[in-house]
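Numbering (this note's numbering), first residue to last: 206 to 281. Below is one structure, written out as structure tokens; comments come after it.
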Amino acid sequence: SPAPGFVMGVGSIGDHLLPYEECDTFLSNDAGITWSMVRTDAHQYEFGDSGSIIIIVDNEEPTDEIRYSTDFGKTW
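Structure follows, in structure tokens:
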């Protein structure tokens, strides 16, 4: 893994998975034990430098904005 212990995914909270367009972007930094929503809506993501930088971009609408975090997803 490019960032051991980090997991990101697009999904929803509830008893079933919502359609992709209705999902949000989540991050776990403890190998999936706990999760937090980092962005509303679906985003593409990539880990860099073993997780010391996380990059996300909106995957539902055209955009010219890239968001990134250098503190393990606490701030973007």
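All C-beta atoms, glycine included, are put in the ideal place defined by N, C-alpha and C.
message: Quick check on DSSP: helix, strand or coil for D220?
response: The residue given as residue 220 occupies position 15 in the sequence shown. Coil, per DSSP.
- request: Let me know the secondary structure DSSP gives S274 once reduced to three states.
  value: Stepping through the sequence shown from its first residue, residue 274 is reached at position 69. If DSSP states are grouped into helix, strand and coil, S274 belongs with the strands.
- prompt: In chain order, what residues of the same chain lie with their CB nearer than 6 Å to the CB of Q249, ignoring the 5 residues before and after it?
  reply: Position 44 of the sequence shown holds residue 249. Excluding its 5 nearest sequence neighbours in each direction, Q249 has C-beta neighbours in its own chain below 6 Å: V262, N264, listed in chain order.
message: I'd like the list of long-range same chain contacts for G278, defined as Cβ closer than 8 Å, with 5 residues on each side in sequence excluded.
response: Position 73 of the sequence shown, counting from 1, holds the residue named residue 278. Cβ neighbours of G278 beyond the five flanking positions: L232, N234, S241, V243, I259.
field: Helix, strand or coil at G253 [DSSP, three-state]
entry: Taking the sequence shown and counting its residues from 1, the one referred to as residue 253 is at position 48. If DSSP states are grouped into helix, strand and coil, G253 belongs with the strands.
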